[in-house]
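Colleague: This structure is in structure tokens; I'll ask about it shortly.
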Amino acid sequence: MWESLDSWIAATGAVAASACALPGCFLLLRRQSLTGDAISHAALPGIVLAFLAAQMARQAGWLSDAGYEASRQLFLLAGAVVLGVGCAVGSEWVQRRGGVEPSAALGVVFITLFAVGLVLLRLIADQVDLDPDCVLYGTLENSVLDTVPLGSLVVPRALLRHLALFLLNLVLIGLFFKELRIASFDPGLANAMGIPAWLMHYLLMTMTAFTAVSVFESVGSILVIAMLIVPAATAYLLTDRLVVMLVLAALLAAASAWLGHAAALFVPRLVFPWLGYPQVTDASTSGMMAVVAGALLVAALLAGPRYGWVAQFLRRRRLATRIATEDLLAWLYRNAERGQALLPLESGRISQVTGMSRTRVRRAVGQLVRRRWIERTPDGLRLTAAGHTAAVNLVRAHRLWESFLAERLDVPAARLHESAERIEHYLDSQMLDELEAELQLPERDPHGSLIPRQARDE
Amino acid sequence: MSRSGSPATGFERNRLLGSAAICAVVGVLSWAAWIPLAEGAGPLQETGNSQSSGVGGSTSPFWGSHGLAFDYNTLVVWSGAVALGAGGGVVGVFLLLRKQALLGDVVSHAALPGVGLAFLVLELVRAGSGKWVPGLLLGAALAGFTGIAASTLLRRGTRLKDDAVLAVVLSVYFGLGIVLLTIVQRLPGGNQAGLPHFIYGKAAALRMSDVQVISAVVTLAVLVCLLLFKELRLLAFDERFAAAQGWPVVALDLVLKVLVVAIAVVGLQGVGLLLVVAVLIVPPAAARFWTERLDRMVAISAAFGALAGLAGVAISASWPRVATGATIALCDSVLFALSMALGVERGLLRRWWHLYAARRRQDEHHLLRACYELLAGERGGVAPQELCDGVVRVDGLVRWRGWSPQKLRRLLERGQRRGWIRPDPQGWRLTPAGAAEACRHVRNHRLWELYLVKHADVAIDLADRRADDIEHVLDPELVAMLEEELETGGGLPSSPHRVATEPTSATG
């Protein structure tokens, strides 16, 4: 099942993915994710043309066979980088000169270059041995077969190349970290500080094109975009700090490559025999890498600490519960003022008299009992001493705010309650003291109710 | 707009008639699809089928050669390409104006796993039925919708920006599609299912049944666009206004997305998922250079799309080993480049011509003003006759503006042609017409200078430069207002700053 070769495949993919994720973070922050996509498409004609040029140079005798083998990679890199950056520059030109909307300009340019690549690829099919499927989907599984000895280990050449690329990206980002960061978040400020934002822009474009074409043999030129943007997007959902984001993105990319290869090996083997197709034993690793990266994004989306949907839901529910408990406390206090100190025991009845929903009442009562702010007596619910203190502060906040609105802002009496009902949950005691001083210790609120003085915790 | 205040309750009659007429035209556009059908499918169709399966069976889907002659098959392919191009052009216009040009790309990429899943489901239901094209297209459409839904969800529910959302959805769906494709190819019959066709398209091997599906879908899509033209226009230009006016914006947006999915899905078969976006955005972007009116833009865009389909198929049929889908996309791009260069409304040539003409006019104005100032300096209220009497020397002009001798010579020749100046043994003289014209420009220049100095607190030294730019575009109405504001009394005011004259230039 999982052999040593698979480890090498996963490792090669992981390093390639991490190398992509680094420039991807900046693309994402600069809202140029689609530029990454466009560059990886536009690299196709560059690859084909470079291939053709290298082949012609060999046939013309300018390159020996050994020299061809050695320099082929350089030709490819140069061709793809030129066209990748050309795509970025061209789309900016079309956008500025032609007044075309940015994403449409990008689309027009990259689809043109891509179509050129496809046409060329087929036209020169006889002259070059360039498999289009390899360019588009990559052949991670085959690329690890080309190995070099390294000490006692035999290491795939692709792994070393990707490692070098990863380190190069790391060094470049390290060198220009401050400039890239400022230029990404605030190009105007960067220019004002004397940092050439355009230079950072082209550095990033070049880095992206270089990265995209270096790893296309492994993950394919189409799936490069997954490794550029998806881990970066996942990291962006998890943190607000750029350094953390870069580290997370690289780790997530590596994880999705590793898990992707594992999933490509094991998931079809688990699912398809059961469906009646025992011959399906594995699937495309590069495709699965993208799928796993997507799955990690969904996981971050749900379970992220700050922006995750679960965390947001819990936070919102906690706030709703707090407001419900406080409303209930204040309601109890007002009833006590009128001489009815007890609340019925059943939540249904409470819901009827207070107008809150039953689940909310149940949650609020549970909370209040746990905090010992109310207690259950045989006749009903009653405020405890601690609960009384809390309620006094709430009611004081409510009535002080009403007085303030009425006296200082001339808000009509009918509209006072609504505003105070909302704001009472957010006024702290210091603010209340200031309000009280400002209004010179008012006795009663505009509706004529007594404003309680501050209650101290005993 | 007669009833912009209230949402439509029924369609106007002429709107309906117009739509029907245009749809008839679209129907005619795909004529080739129907005529051979009526004549009965000839034996040629068989060769078409064998070619397509030959392509699917080869190691790489766009490797095989289909040297098409202009025969029945070419006509079939032509009608499919033309219909697809026209439909993409029409729907794409609204997508472009809504700034969602790349949504088509997302839909087409998202459709791939739908094709794969549909194949698997069909195979599970009944072995061997996986090649049933309508089923595969249905799967593609459903998956395309989930792609749109996923991107909407991500955009609304997270802090990811639009571009990142599109990139994420596109790449993850495409990855899933590749996974399913590799699985399908290991199934019995999966290799012959021709699923890679959906990636690269099989325009050159389209069959009659495919073309019928394409033209039916396109005709429907165009009909919907025309019937909802006003609503979609409002949606494209000002969504919030539409919502405030009570139009069902969400439903209209959904309609547009349905249309995009429909075009993208039939486009999968035509040009392939990688190039669908070309059909959807390039013709509209090209049409944008030709007009500022939406109805014309839709018509031009449809015509461009159809033309690109026509030309693309013709080119790829004439030469061996030219991929049809990519050629259609390239023809779209050529049309775009031509439009960007030549477009009468926003094209570069027109823009450059405007700029060039404006520069020429400015130079002429500067020449006249130079003559005036060399003769009269900063004085105002100079009589035109006095200007005609003076001689302007060429070296004075060179010093005044820093023109190169060649440029000055051309400028002087132009001024002579216009009858503003005439040569003199010692230099040049203003004609009466030239003197009047010169007075007009000097007045514009000085009025603006005075205004800047008086009302905008601009330093006198700077005012000259600023007025240089503005003097050419002041219309008579504005000049009158300036005169009233500055109380100059309608005459030619003197300059607020000193103007160096040449002591020897005015001979009187």
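Order-wise, the sequence lines are chains A and B.
Throughout the first sequence, residue numbering follows numbering that gives the first Met the number 0, covering 0 to 457 in sequence.
Throughout the second sequence, residue numbering follows numbering that gives the first Met the number 0, covering 0 to 507 in sequence.
Backbone N, C-alpha and C fix where the C-beta goes; we use that ideal spot for every residue, glycine too.
Under the assumption that LEU274/B contacts GLY79/B (Cβ atoms under 8 angstroms), give the Cβ distance between them as a whole number of angstroms.
Modeller: Not confirmed; about 14 angstroms, so no contact.
Colleague: In this structure, how does DSSP classify LEU449/A when only helix, strand and coil are distinguished?
Modeller: LEU449/A: strand per DSSP, three-state reduction.
Colleague: Relative to the C-alpha of PHE236/B, which candidate in LEU95/B, ARG359/B, LEU152/B, GLU344/B has its C-alpha closest?
Modeller: Measuring from the Cα of PHE236/B, the nearest candidate turns out to be LEU95/B.
Colleague: Output the distance between the C-alpha atoms of SER142/A and LEU329/B, rounded to the nearest integer angstrom.
Modeller: For SER142/A and LEU329/B, the distance between alpha carbons rounds to 33 angstroms.
Colleague: THR157/B touches chain A at which residues, Cβ-Cβ below 8 angstroms?
Modeller: Within 8 angstroms Cβ-Cβ: LEU236, LEU300, TYR306.
Colleague: For ALA181/B, report the span of its alpha helix (DSSP H) as first-last.
Modeller: Note on residue identity: the sequence assigns Thr, not Ala, to residue 181/B. Where THR181/B is concerned, the enclosing alpha helix (DSSP H) stretches over 161-183.
Colleague: Compute the distance between the beta-carbons of VAL221/B and GLY86/B, then report whether it is under 8 angstroms.
Modeller: Yes, Cβ-Cβ distance for VAL221/B and GLY86/B is below 8 angstroms.
Colleague: With 8 angstroms set as the bound, which would you pick, yes or no: does the beta-carbon of GLY174/B sit closer than that to a beta-carbon of chain A?
Modeller: Chain A contact via Cβ: present.
Colleague: Using C-beta distances below 7 angstroms, list every residue in its chain close to PRO431/B, excluding the 5 sequence neighbours before and after it, in chain order.
Modeller: So the qualifying residues of the chain are PRO383, CYS387.
Colleague: The alpha helix (DSSP H) with GLU363/B in it runs from where to where?
Modeller: Segment 347-375, the alpha helix (DSSP H) holding GLU363/B.
Colleague: Keeping to the same chain, check which residues put their C-beta closer than 8 angstroms to that of ALA435/B; ignore five residues upstream and five downstream.
Modeller: The answer, listed in chain order, is PRO383.
Colleague: Which residues, taken in chain order from the stretch 243-265 of chain A, show a beta carbon closer than 8 angstroms to some beta carbon of chain B?
Modeller: Within the stretch 243-265 of chain A, the qualifying residues are ALA263.
Colleague: The beta strand (DSSP E) spanning ALA125/B covers which residue range?
Modeller: In the sequence under discussion, the amino acid at residue 125/B is Arg, which differs from the Ala named in the question. Neither: ARG125/B is in no beta strand (DSSP E) and is coded neither H nor E.
Colleague: Residues of chain B with a CB under 7 angstroms from the CB of GLU91/A: which are they?
Modeller: Within 7 angstroms Cβ-Cβ: nothing; GLU91/A doesn't reach chain B, min ~14 angstroms.
Colleague: Run through DSSP, which three-state label would GLU45/B get?
Modeller: Residue placement at GLU45/B is flagged as unreliable, the pLDDT there being 36, under the threshold of 50; the coordinate-derived value follows with that caveat. GLU45/B: helix per DSSP, three-state reduction.
Colleague: What is the rounded straight-line gap between the Cα of GLU2/A and the Cα of GLY137/A?
Modeller: Rounded to the nearest angstrom, the two C-alpha atoms are 21 angstroms apart.
Colleague: Compare the C-alpha of TRP351/B against each of GLY97/A, LEU112/A, PRO101/A and name the closest.
Modeller: Here the closest residue by C-alpha is GLY97/A.
Colleague: Please tell me whether SER183/A has its Cβ less than 8 angstroms away from any Cβ of chain B.
Modeller: Closer than 8 angstroms: no.
Colleague: On the DSSP bridge list, what partners appear for THR146/A?
Modeller: Paired residue(s): PRO155/A.
Colleague: What's the call for ALA126/B, buried or exposed, on a 16-neighbour Cβ count within 10 Å?
Modeller: Answer is exposed; the Cβ neighbour count stays below 16.
Colleague: Any beta carbon from chain A within less than 8 angstroms of SER170/B's own beta carbon?
Modeller: Yes, its Cβ sits closer than 8 angstroms to a Cβ of chain A.
Colleague: Quick check: the stretch 203-217 of chain B against the stretch 145-152 of chain B, are there 3 or more CB pairs under 8 angstroms?
Modeller: Flag = no, the stretch 203-217 of chain B and the stretch 145-152 of chain B do not touch.
Colleague: Does the beta carbon of VAL297/B sit closer than 8 angstroms to a beta carbon anywhere in chain A?
Modeller: Closer than 8 angstroms: no.
Colleague: Please report whether the beta-carbon of MET355/A lies at a distance below 8 angstroms from any beta-carbon of chain B.
Modeller: Chain B contact via Cβ: absent.
Colleague: Would you decide whether GLN453/A is buried or exposed? Buried here means 16 or more other CB atoms lie within 10 Å of its CB.
Modeller: Exposed, by the Cβ-count rule.
Colleague: In the DSSP output, which residue or residues are listed as bridge partners for PRO422/B?
Modeller: DSSP output for PRO422/B lists TRP427/B as bridge partner(s).
Colleague: Flag LYS98/B as yes if its beta-carbon sits less than 8 angstroms from any beta-carbon of chain A, otherwise no.
Modeller: LYS98/B counts as touching chain A.
Colleague: Just verifying my parser: in three-state terms, what is the DSSP assignment at LEU434/A?
Modeller: Of the three classes helix, strand and coil, the one that applies to LEU434/A here is helix, per DSSP.
Colleague: Measuring CA to CA, which of LYS177/A, ALA302/A, ALA412/A is closest to MET192/A?
Modeller: That would be LYS177/A, whose Cα lies nearest to the Cα of MET192/A.
Colleague: So is LEU274/A in contact with chain B if we call contact Cβ pairs under 8 angstroms?
Modeller: Taking Cβ atoms only, chain B reaches closer than 8 angstroms to LEU274/A, which makes this a yes.
Colleague: Report the option in PRO101/A, MET55/A, GLY116/A whose CA atom is closest to the CA atom of LEU82/A.
Modeller: Per the Cα distances, GLY116/A.
Colleague: Please determine, among GLY380/B, TRP427/B, PRO475/B, LEU306/B, the residue with the shortest C-alpha to C-alpha distance to LEU366/B.
Modeller: Nearest option by C-alpha distance: TRP427/B.
Colleague: Since ARG292/B contacts ARG345/B with CB under 8 angstroms, what's their CB separation in whole angstroms?
Modeller: Not really, about 13 angstroms apart at Cβ, beyond 8 angstroms.
Colleague: To which residues of the same chain is GLU401/A closer than 6 angstroms at the C-beta, ignoring the five residues directly before and after it?
Modeller: Same-chain partners within the cutoff: LEU415, ALA419, ASP444, PRO445.
Colleague: Please return the same chain residues whose Cβ sits closer than 6 angstroms to the Cβ of PHE209/A, not counting the five positions on each side in sequence.
Modeller: So the qualifying residues of the chain are VAL80.
Colleague: Measuring alpha carbon to alpha carbon, tell me which of THR326/B, LYS256/B, SER170/B, PRO492/B ends up nearest GLY84/B.
Modeller: Nearest C-alpha to GLY84/B: THR326/B.
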